[in-house]
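K.L.:
Take a look at this one; I'll ask things after.
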Amino acid sequence: MVKPDGVQRGLTGEIIQRFEKRGYKMVGCKMVWPSKELLEKHYADLSGQPFFAGLIAFMATGPVVAMVWEGKEIIKMGRMMLGATNPQESAPGTLRGDYSIDVTRNIIHGSDGVDIAKKEIGLWFKPEEMFDYKSCLKEMVY
Ligand code: RTP
């Protein structure tokens with residue numbers, strides 16, 4: 001998910017391009033201005049953290065771009081492409097390492113496991129908003 005800061009800074013295209021160029025297939029994509037209720041469900045596992053309220057407030061400041069990507073080891077590789085949560089620890093060459101300096105405004109969120117991804121896809125997408133289509137990347141992806 002491109003966070004509000006990523007959308008407002010015009011980084012959505014760059015983020016999508018990095019995943020596409022790497023060989024991943026987009027199977028869902030939508031702009032959403034999320035409610036606090038949706039965000040509280042999305043970040044439910046962090047509800048005990050001191051930064052929770054600030055994180056929810058920030059994430060509700062503008063639209064985000066929710067995406068579903070498919071391909072070999074997408075969770076592991078996607079998180080490598082994002083870089084460390086705290087941009088001060090993100091390697092140059094990663095999205096956060098190249099484009100952010102603040103842990104809240106770290107431009108992008110990525111699911112950190114298959115079960116978490118399923119839960120998050122269920123929160124953000126209706127089944128008819130996901131697409132199973134043929135791609136010329138298919139041979140690379142599978
Ligand atoms: P994400 O879910 O966004 O990909 O990030 P993550 O797994 O790497 O990090 P997580 O621990 O799940 O935290 C979610 C988001 O909360 C913000 N955060 N702020 N110390 C802090 O102020 C702090 N720690 C985390 C970050 O924006 C992080 O992406």
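Heads up, the sequence shown is in UniProt numbering, so the first residue is 1 and it goes up one at a time.
Just so you know, even glycine gets a beta-carbon here, dropped at the ideal spot from N, CA and C.
Could you check if Leu39 belongs to the surroundings of the ligand RTP, using beta carbon to heavy atom distance under 6 Å?
P.N.:
The residue given as residue 39 occupies position 39 in the sequence shown. No.
K.L.:
Give a yes or no on whether the C-beta atoms belonging to Val32 and Val64 are separated by under 7 Å.
P.N.:
By 1-based counting over the sequence shown, the position of residue 32 is 32. By 1-based counting over the sequence shown, the position of residue 64 is 64. Result yes, Cβ atoms of Val32 and Val64 sit closer than 7 Å.
K.L.:
Using three-state DSSP, classify Pro34 as helix, strand or coil.
P.N.:
Taking the sequence shown and counting its residues from 1, the one referred to as residue 34 is at position 34. Pro34 falls in the coil class under three-state DSSP.
K.L.:
DSSP state of Glu73, grouped into three classes?
P.N.:
One-based indexing of the sequence shown puts residue 73 at position 73. Three-state result, Glu73: coil.
K.L.:
Under 8 Å by Cβ, that's how I've got Gly28 and Glu120 pegged, so tell me the actual separation to the nearest angstrom.
P.N.:
Here the question's residue 28 lines up with position 28 in the sequence shown. Here the question's residue 120 lines up with position 120 in the sequence shown. Not a contact, Cβ separation roughly 11 Å.
K.L.:
Excluding the five sequence neighbours on either side, which residues of its own chain have a C-beta within less than 7 Å of the C-beta of Gly83, listed in chain order?
P.N.:
Taking the sequence shown and counting its residues from 1, one reaches residue 83 at position 83. Closer than 7 Å at the Cβ level, and outside the excluded window around Gly83, lie Ser90, Ala91, Thr94, Leu95, Arg96 and Gly97.
K.L.:
Out of Trp124, Gln8, Cys136 and Glu73, which one is the CA nearest neighbour of Lys41?
P.N.:
Position 41 of the sequence shown, counted from the first residue, corresponds to residue 41. Taking only the C-alpha atoms, the option nearest Lys41 is Trp124.
K.L.:
Is Met81 helix, strand or coil when you go by DSSP?
P.N.:
Numbered from its first residue, the sequence shown carries residue 81 at position 81. DSSP places Met81 in helix when its eight states are reduced to three.
K.L.:
When DSSP builds the beta bridges, which residues end up paired with Pro92?
P.N.:
Start at 1 with the first residue of the sequence shown, and residue 92 comes out as number 92. In the DSSP output, where bridge partners are listed per residue, Pro92 has Thr94.
K.L.:
Closest to Val7 by C-alpha separation, out of Lys25, Thr61 and Met80, would be which residue?
P.N.:
Within the sequence shown, the letter at position 7 stands for residue 7. For Val7, the nearest C-alpha among the options comes from Thr61.
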